[in-house]
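Working notes, structure below.
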Amino acid sequence: MTSAERAAAAFAEEHGGAADAVWSAPGRVNLIGEHTDYNDGFVLPFALPHRTAVAIRPRTDGLLSTATYGSDGRLHRSPETSIDELRPGSPTGWAAYPAGVAWALREAGFTLGGADLVIAGDVPTGAGLSSSHALECATALALLDTAHAAPGQPGAPSLGEIARLVQRAENDFAGAPTGLLDQTASLACTEAHALFFDVRSGDAEQIPFDPLSAGLELLVIDTRVKHSHSESGYGERRRGCERAAELLGRKALRDVTAAELPTVLPQLPEELRPLVRHVVTENDRVLATVDELRAGRYAEIGPLLNGSHVSLRDDYRISCPELDLAVDTALATGALGSRMIGGGFGGSAIALVPVADRPRIEQAVLDAFAQAHLTEPRLFTAVPSAGAGRDR
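Residue numbers (the working numbering): 15 to 406.
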């Protein structure tokens with residue numbers, strides 16, 4: 015049963031009738047371009063087949079009710095709340111994500127008469143695969159549908175505008191200082207492609223990405239760990255990048271080139287130099303990866319993935335022993351390239367592997383984690399899939 019089917023069935027059970035619509039949005043893997051989005055840089059994500067679905071029926075009393083179908087097979091309900099009374103910081107927990115979207119839409123001038131939402135999904139949580147943004151994007155589309163402003167309807171906001179509304183919900187309501195990568199990927203990716211996205215200009219290009227055609231697969235290694243300093247560490251690094259740009263008199267670190275690094279790094283406090291070096295070199299790695307994919311040279315992106323991981327580990331300092339073990343083991347047993355993805359301090363790594371070698375690489379990773387007395391990781395193959403849309 016798909017996430018959309020589970021959401022529809024749970025809605026009927028909870029509310030005694032069918033939902034008016036079901037919208038869903040995927041999680042994502044960022045092939046390369048980590049921590050470049052909030053620096054006005056380049057990213058290259060693709061959507062996963064794993065999705066979060068929101069079944070919805072409009073109300074006329076201005077109230078928002080939300081319930082989530084959990085992995086335990088039970089519905090977990092949040093108290094009804096008035097959309098007009100939503101304020102940043104309340105509610106908290108998982109309910110802050112759909113509530114924050116309703117707040118952001120209301121603040122942007124959309125008329126919401128209230129709604130019942132039932133949510134179901136299979137995007138792994140805590141894995142750095144953007145499960146929260148999948149939820150927020152699906153909620154945004156579902157609520158816009160009740161306001162007659164969903165994609166395809168007259169006067170509907172663009173996908174880029176919806177992404178920025180979801181970003182506002184995340185930043186200003188839920189209090190997470192995220193960039194635009196995750197929302198844009200969830201909304202705009204297409205099957206068998208990666209999305210080459212210029213965060214500053216908003217320009218996007220669908221780049222063909224079908225590793226299987228070259229006898230390769232992209233293995234996701236979910237370490238199932240998330241260290242306590244992940245959120246604070248993300249915020250510290252974002253503030254450090256903003257401070258470095260300010261000191262250099264640049265709008266963002268996007269405006270620093272690799273050729274300038276020997277000149278500009280000595281102008282900065284020592285603690286900011288590695289942050290700048292990562293962002294600048296990572297932007298170049300994105301551009302190089304796009305060139306390789308355009309030429310169909312999938313195997314050639316392996317060293318670029320490796321370079322990204324080393325930069326994230328040594329310059330941005332957001333890796334952890336579990337991620338390093340996953341990457342090192344994959345590379346030692348035949349992966350062409352591997353790197354951590356996401357915010358860091360836990361979550362997932364990816365590895366570009368020959369199809370014939372995948373079972374052996376997977377087993378080596380499992381054995382390495384067992385020998386280190388770590389939680390068994392979750393392994394699956396990432397297939398570039400479709401972005402958000404209406405299921406029924």
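Quick reminder that beta carbons are idealized off the backbone N, C-alpha and C, glycines included. All values reported here derive from a predicted model rather than from experimental measurement.
Under the DSSP definition of a beta bridge, A206 lacks any partner. Less than 7 Å separates the beta-carbon of Y312 from that of A228.
For A266, the secondary structure class from DSSP, reduced to helix, strand or coil, is coil. Around R73, the same chain offers G127, G128, A129 and D130 as residues with beta carbons nearer than 7 Å, after the five sequence neighbours per side are excluded. Rounded to whole angstroms, the gap between the alpha carbons of V304 and L45 is 10 Å.
DSSP places R42 within a strand segment (E or B) once states are collapsed to three. For V397, DSSP assigns no beta-bridge partner whatsoever.
Per DSSP, reduced to three states, the secondary structure at L230 is strand.
Sorting V290, L319 and R71 by C-alpha distance to the C-alpha of A272 places V290 at the top.
The three-state secondary structure of I221, taken from DSSP, is strand. According to the DSSP secondary-structure assignment, W117 is paired through a beta bridge with no residue. One Cα belongs to V270, the other to V294, and the distance between them is close to 7 Å. Inclusion of G360 and V239 in the CB contact set at 7 Å is warranted, their separation being smaller than that value. When DSSP states are grouped into helix, strand and coil, G128 belongs to the coil group. Residue pairing from DSSP places S362 in a beta bridge opposite D236. By the beta-carbon neighbour count (other beta carbons within 10 angstroms, threshold 16), P40 is buried.
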